[in-house]
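Enquirer: So the protein lines, in turn, are chains A and B. Taking this note's numbering, the leading residue of the first sequence gets 270, the next gets one more, and so forth. Taking this note's numbering, the leading residue of the second sequence gets 28, the next gets one more, and so forth. My questions all concern the structure below.
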Amino acid sequence: MTSPIDEPRPFKFTSPTSVAEAVALWHEKPGDAMYIAGGGDVIDIVKRHHARPSTLLDLKRIPALRGIEVDIAASQPSITIGALTTLQELAENENIRRYLPALATAASRVATPQIRNIGTIGGNLLQENRCPYFRGPWHCYRHGGMHCYAHHGINREHAIFEGDRCYVVTPSDIAPVVVAGNALIHVEGKDGPRTIDAEDLFMPASQNLMRMHVLDDGEVLTAVEFRVREPAAPRERDPKDLGIRGTISPIPVDKRFPSVFIKYAMRNSFDFALANVAVFLDREGHRVHRCRIALGGVAATPYRPREAERLVAGSILDDDLIQAAGRAATQGAEPLDLNAYKVSLVEKLVVEALQELNR
Amino acid sequence: MDDKTRKENDEPASTSRRSFLTGAAGVGVAAVGIGGAKVALDEARKEPTAEALRAPEADSLSDITLEVNGKSVNVSVPDHRSLLLVLREDLGLTGTKKGCNLGECGACTILENGKPVYACLKLAKDAVGSQITTIEGLETEGRLHPLQQAFIDHAGSQCGFCSPAMIMSGAGLLLENPNPTPEEVRTAISGVICRCGNYPHEVDAILAAAKTPTGTVAAAAAGATAYMPRTTGQNKPYPRNEIDPRVEIKRVDDTENLAALHRPVKPLDGYAKATGRARYSGDIGFHSDDPLRDPLCAKALRCPHAHAQVVSFDDSKARALPGVRAIVSFKDVVESERRQRAFLSGHARFVGEAIAVVAADTQDIAQQALELIDVRWKVLETFGDAEENLRTDNRQIHATGSVCGFGGSQPADVPTWEARVGDLNAGFAEADHIIEGRYAMGRQVTLPIETHVCTALWKGDDLHLWDCQQSVFAARTTIADTLDMPEEKVHIYADYIGGGFGGKCLDYPDEDLYQLYAAILAKKTGKAVRYEFTLSEEMAAGDSRHPFIFETKWGVKNDGTITAQYWNVIADTGGYGSSGPAVVLIACLRLVGAYRTPNYTVEAYGVYTNNQVGGEFRGFGGLQGTVAQELHADKVAHELGLDPMEFRLKNTKRPGDLINNDDPFGYADIDSTVRLAAERIGWENWQPPSAKTGYKRRGLGMMQGPMPSGREASDGLVWIDRNGTVHVRLGAGNLGNLAHTGMSVIVSEVLGVPVEDMRVTWANSDRDAWTFTTDSSRTVPCDGKAVYGAAKDCERQLLALAAQHFGVPEGELEVRAGTVGKRGSGESVDFRTLARLAEPRTEFDPWWEETDQNPWFDQNTGKIDPKPKMVCTESTQNAARRALAEGGGIVGLGRYVYDLTTNAWGSCFAEVEVDMRTGQVDILKLVVAHDVGRVLYPAGAEGQIHGGALQGLGYAMTEDLLLDPHSRAAVNTSFHEYRPPTSLDYPEMVPILVEAPSRSGPFGAKGLGESPIMGPAPAIGNAILNATGVLCPHIPYTWDRVHDTLKAAGKLMTGEASA
């Protein structure tokens, strides 16, 4: 669409210094203020006038939202990541790379170096969808309309799972990781702090079409907590495996890692995933106790292919099982006119991720 | 081209720009009758209504202190103002470029506390407390940063618009990692799009800077934190071996004589571009030494419907908004019969057609004014399908016909262009095989990083335009014509252009005349007015490559001889004809001009639709024709079981063959062009698809054929002033193709003066030599030959003056290195002395040689003049007079009329890997070979090949402006969804140049601007065919298309992941 507008409506920019202050300021003008962290998404939205807030509440100057806390010695070891942690910090942090390689890989695959320098984990999780109809002048369901223009329009990049009137997909590379990694999301609102399972953070299309996440009005995402375990025995890597389009996490970690993230996009930089996957395993030797798989880019929320997870959990991973899990992951897919390729892509992603974990 | 050092940081912030909020009511402007576009009197300003005055309370200023380039700067800005605008417009630091303004192109990359970030995504108020470094801050005590020097030395800039951002990304990398690998460099610059596709040179330059032993990089890096690898997580289909960007050249034997052609030269504009000093049209108005300050902001109101008629238009509320200075709407425009398309129209024929323009003190006010204009539309039925419109001869878009012809609209039974040669039926009867095909191409947009921008200022009756214009003379003619003004009253300046690729060339009727928005508003307000496209305007209202549908049928004998070709061609020209007919013609010339065929018929139609207007884009129809023909050639070879290369070399037209039954091809070294490239890709390993197994299959593909190389006439002007300085005055727009450096080398070769000692200027419609346009790969072959003539003209006069000086015959003298000397003796006289001896010239006959006088097609009469008069245009003569008046001396003039036999030749080979389970295609290698006649400037030629191939790669793989099937509005109007290639998306590329001099080009040089874009799409398509056995007939080969094509052919594999 041809819009002559690319500067925002005037607004106030205020920098509170505590979460409580930010929440209080938000409630001074409910619905008229927006939080901003890195700004990669929010500035785009206000410049395109998709939102016209009167105030932007800057979260970047709240010290409590910063820092990565690593508590390995505890009986339940955990890593708590402040919401303002930038994607570049995630990609570079030694502890993240060691304990949560899928997260480090995912962070390093987001957008561009410039975006990774400003983009935060909190902002990445809560970003708006990228449906071009939603971001264009079309008055679709998500804008309160009564129509999905993508359903019978250009839907090359839309959902193949759980579409319900609307077919947007979660654009985040981090979201599948927090879901597969069974992370806890800490938020704080006017009624104080609360904790959400990562899987429940995202809003399915069937429940609410107006928002991508379940945070209440004025709530701030404060931290993401992962429960972690010491990585198992070291492994060898074959340097020739640095293959095509991110088939394998190329982070040079020398420990065997329990998680993996793979992303396929049309470009190698500056691009949202056509589909991505994060897989976390809990296992002993080749015997898998639990398996969590989350796919991004295929549904409005990170999509868990339960059938594939069930196949893997309790089994010994071998090639046949991996192929079966790949096929199982595509169960229930309902492609639109232009996105049938995503079904084969889902199979490929799950197979490649499990193969990588099974080396 | 003003390279004076400035201390912009010291400039106080401009706060006066907002004072209008309280003062400055109506600006009384007298009635101005502007010819073809008559504009009504600006009525007296009404009292603002309460509603219009709803200036948000938030729109107040904050005083902030920014730390920019090591200095504290106090500025007073509104909260919502981005750091980018503050740097550029308030502080005058225009080295930081504004591209998409939405964090999608990277042109505004700066360093915040040493880390690269996008200034457009940062609010100025949010930058308080950060150390901001811009390109202007990299220099220390007048010394360039090693990265800047490396960009100059390694031709790191083409158009240069992304160069500051590339350099800042590189600086951020080198701060952390003083010894990066090529992959790390590619990753570090992956947040900046270089639309020229100059990534190999940019990587080369950054690597070279990292190796610089001294300088600020090493010093800065000493205090940096421990290095962390930056490549983490990047998938990498690019090869691990280091790419050598150097071009391989097959020289002709006589080159030893040409000294200047073999001297390494730095790009003329490298310094200005690497330092951020180059002032692009959008930068004018923010520096103390600019010809104007703080221009008003103009914005266009555009139709949201694909086909609609205005019912009512009310701009009274907008006029009442304080700060709005003028509004011009379609009602003020008198439609001209000379143009099919009014530049503001109440009958919108595509989404985004402009209906009114507003000038206001700031962009915020202009935007608000647009929202206050009430327009009611009658929405008309939308016709988006070109084939359907042709079938029904749809007259609802243009009443006189559904087909656009050279003379306007025409009915559906009259093709835009047709050719009938031989007896088609006899040809098919003679054939052993009849092979049919249907090919379709998407809509690629030029998408320069610098969106279209023009600033207009009237001085009396003279209109001055700072426009991002490739073709200043053609634009001057069109604009003067539309405004009914004499040409010499319109002055166009285009010092630097941030990427054009054809989209910034105003030479066809009915192209978007955004220049007039600025011009007319400037006339009404009496102030400078600037009109700048937003990204989405650029994509949806700018130029796009016409989508084509080709249907064809070939008759072929068992041995591969082609007996007949039938082509039916349909091009979607959108709401207006514009360049459509010419694009169709060029596509068809490619169809008939590549392979020997005794019997052929071509019927081609440019058809109106309610889609975006197709425009000019590198390749200009030739690309679409090439894709269709080369894909079909491979299909034929595939079905006959022949080697595609041998099939082509057997049938290809060769020098002496007729292009279309009329003009012959000139000299070209076809065999070297094809076989050298075949050798580099490893064609000897070519195997038919039947030999491939497994789920990842590799394939080789190729294309070859003639390439365009010029049109029309050019003048040349070289002036030796009375101080002996050589001035080269080039009319061509500086697109960043480094052609200007190449043309300076031509002058250097003739006069023996090093390029560094010349003053080279360009693209000023008053000062520089006239040229027809800067497009169609014509600058080097046409302008280059004219400037060669001008240099020879200087030589002629110098020899005559020296003969007089020495009192010897001219034959005993020669020009050498800035002097004229006696042959066989050291005695010489310098240019300065001779220039002072010269009488001011009164006749202005150009120097030319026999091969410069070629048949010329007169566009006005439609007649061909076999021997056109060889005189310079009035414009060039005036430029010559001006030069003489300015500094005396000697003026040399040249003239060249395009020689149709100047044809370059090219080939492209690709290797791909296709995943048979998903349809994913990875490009592994591209080899691009071109016969360019003569290599004048290797670095420039390399850049053209890399860049063209990269744009071709985008056309092949991702780039397609998708229109919503119902509303016909463009859906993917952002870089994210449109996806031009990034620095991590190109494969190993091998550029090869072959020299086979043309008859008339300067030292035999032919054009290279468009050729390299032709290759990748067909070569990749054929490689996919070779890998899978399935032809993908639709460009681009996106993941979904290849997947669905494989599936339809029953070739999609499932299950077995590893075979």
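C-beta atoms are modelled at their ideal positions from N, C-alpha and C, and glycine is treated no differently.
In the DSSP assignment, what residue or residues form a beta bridge with arginine 465 of chain B?
Expert: Paired residues: B/Glu578.
Enquirer: What three-state label does DSSP hand leucine 319 of chain B in the structure shown?
Expert: If DSSP states are grouped into helix, strand and coil, leucine 319 of chain B belongs with coil.
Enquirer: Classify methionine 303 of chain A as helix, strand or coil using the three-state DSSP reduction.
Expert: Methionine 303 of chain A falls in the strand class under three-state DSSP.
Enquirer: What residue from B/Ile547, B/Tyr982, B/Arg843 and B/Asn1049 has the CA that sits closest to methionine 672 of chain B's CA?
Expert: Of the listed residues, the one whose Cα sits closest to methionine 672 of chain B is B/Asn1049.
Enquirer: So which residues of chain B does glutamate 276 of chain A contact, with C-beta pairs closer than 7 Å?
Expert: By Cβ distance, chain B contributes Gln390, Asp391 and Gln394.
Enquirer: Out of A/Ala428, A/Asn393, A/Phe280 and A/Leu550, point me to the one whose CA is closest to arginine 498 of chain A's CA.
Expert: The residue with the shortest Cα to Cα distance from arginine 498 of chain A is A/Leu550.
Enquirer: In this structure, how does DSSP classify histidine 460 of chain B when only helix, strand and coil are distinguished?
Expert: Strand, per DSSP.
Enquirer: For valine 615 of chain A and histidine 1070 of chain B, I'd like the C-alpha separation in whole angstroms.
Expert: Distance between the alpha carbons of valine 615 of chain A and histidine 1070 of chain B: 13 Å.
Enquirer: Assuming methionine 195 of chain B is part of the beta strand (DSSP E), what are its boundary residues?
Expert: First-last for methionine 195 of chain B: 190 to 203, but that is the alpha helix (DSSP H), not the beta strand (DSSP E).
Enquirer: Since serine 1001 of chain B is in the beta strand (DSSP E), which residue starts that stretch and which ends it?
Expert: Counting along the chain, serine 1001 of chain B falls outside any beta strand (DSSP E), and DSSP gives it neither H nor E.
Enquirer: In whole angstroms, what is the alpha-carbon distance linking lysine 617 of chain A and threonine 945 of chain B?
Expert: Rounded to the nearest angstrom, the two C-alpha atoms are 8 Å apart.
Enquirer: I want to verify the contact list: residues of chain B whose CB lies under 8 Å from the CB of asparagine 263 of chain A, in sequence order.
Expert: Outside the displayed span of chain A (270 to 628) sits residue 263 of chain A, for which this structure offers no information.
Enquirer: Hey, would you say leucine 323 of chain B sits closer than 7 Å to lysine 554 of chain B, going by beta carbons?
Expert: Yes, Cβ-Cβ distance for leucine 323 of chain B and lysine 554 of chain B is below 7 Å.
Enquirer: On the DSSP bridge list, what partners appear for valine 472 of chain B?
Expert: Per DSSP, B/Ser571.
Enquirer: Can you pull the chain A residues whose beta carbon is under 8 Å from the beta carbon of serine 217 of chain B, in chain order?
Expert: Chain A residues near serine 217 of chain B: Thr381, Pro382, Asn537, Ser538 and Phe539.
Enquirer: Put isoleucine 312 of chain A into one of helix, strand or coil per three-state DSSP.
Expert: Note: isoleucine 312 of chain A maps to helix in three-state DSSP.
Enquirer: Alpha helix (DSSP H) containing tyrosine 815 of chain B: first to last residue?
Expert: Counting along the chain, the alpha helix (DSSP H) containing tyrosine 815 of chain B begins and ends at 811 to 833.
Enquirer: Closest to valine 385 of chain B by CA distance: which of B/Gln651, B/Tyr541, B/Leu150 and B/Thr214 is it?
Expert: Cα-wise, what sits closest to valine 385 of chain B is B/Tyr541.
Enquirer: Tell me which residues share the same chain as asparagine 687 of chain B and place their Cβ nearer than 7 Å to its Cβ, disregarding the 5 neighbours each side in the sequence.
Expert: Contacts found: Ala446, Leu616, Val619 and Gly620.
Enquirer: Out of curiosity, what's the CA-to-CA distance linking isoleucine 194 of chain B and isoleucine 179 of chain B?
Expert: Computed Cα separation, rounded: 11 Å.
Enquirer: On the CB-based measure, 16 or more other CB atoms within 10 Å of its CB, does histidine 455 of chain A come out buried or exposed?
Expert: That one is buried.
Enquirer: For histidine 482 of chain A, name the three-state secondary structure that DSSP assigns.
Expert: Correct three-state label for histidine 482 of chain A: strand.
Enquirer: Buried or exposed: serine 1025 of chain B, going by 16 or more other Cβ atoms within 10 Å of its Cβ?
Expert: Burial call: buried.
Enquirer: Within the 7 Å Cβ cut-off, does arginine 329 of chain B reach chain A?
Expert: Chain A contact via Cβ: present.
Enquirer: Hey, is glycine 260 of chain B's beta-carbon within less than 7 Å of any beta-carbon in chain A?
Expert: Residue placement at glycine 260 of chain B is poorly supported in this model, since its pLDDT is 31, which falls under 50; the coordinates still yield a value, given next. Yes, glycine 260 of chain B lies at the interface with chain A (some Cβ there is under 7 Å from its Cβ).
Enquirer: Would you please state the rounded distance, in angstroms, between the beta carbons of threonine 869 of chain B and phenylalanine 858 of chain B? I believe it to be under 8 Å.
Expert: Going by Cβ atoms, the distance from threonine 869 of chain B to phenylalanine 858 of chain B rounds to 21 Å, so no, they are not a contact pair.
Enquirer: Would you mind stating whether alanine 563 of chain A and arginine 573 of chain A have Cβ atoms separated by less than 7 Å?
Expert: Cβ distance < 7 Å, so alanine 563 of chain A and arginine 573 of chain A count as in contact.
Enquirer: Applying the criterion that 16 or more other CB atoms from any shown protein chain within 10 Å of the CB defines a buried residue, is glutamate 116 of chain B buried or exposed?
Expert: Flag for glutamate 116 of chain B reads buried.
Enquirer: Report the rounded CA-to-CA distance for glutamate 290 of chain A versus phenylalanine 410 of chain B, giving the unit in angstroms.
Expert: About 55 Å.
Enquirer: Enumerate in chain order the residues of its own chain whose CB-to-CB distance from leucine 590 of chain A is below 6 Å, with the five nearest sequence positions on each side excluded.
Expert: Answer for leucine 590 of chain A: Ser584, listed in chain order.
Enquirer: Counting only beta-carbon separations shorter than 7 Å, does arginine 506 of chain A have a partner in chain B?
Expert: Any reading at arginine 506 of chain A must be qualified, since the residue scores a pLDDT of 49, below 50, and its modelled position is unreliable; no value is offered.
Enquirer: Could you tell me whether the Cβ of arginine 944 of chain B comes closer than 7 Å to any Cβ of chain A?
Expert: Yes, contact with chain A.
Enquirer: Who are the neighbours of glycine 967 of chain B on chain A, taking C-beta pairs under 8 Å?
Expert: Ordered by position in chain A, no residue passes the 8 Å Cβ test against glycine 967 of chain B, which lies about 27 Å from the chain.
Enquirer: Return yes when the Cβ of isoleucine 531 of chain A is within less than 7 Å of the Cβ of glutamate 468 of chain A, no when it is not.
Expert: Not a contact, by the Cβ cut-off of 7 Å.
Enquirer: Are the beta-carbon atoms belonging to isoleucine 337 of chain A and asparagine 362 of chain A less than 7 Å from one another?
Expert: Yes, these two residues count as a Cβ contact at 7 Å.
Enquirer: At a CB-CB cut-off below 7 Å, which residues of chain B make contact with threonine 271 of chain A?
Expert: Chain B residues near threonine 271 of chain A: Arg329, Val378, Gly379, Ser563, Glu564, Ala567 and Ala568.
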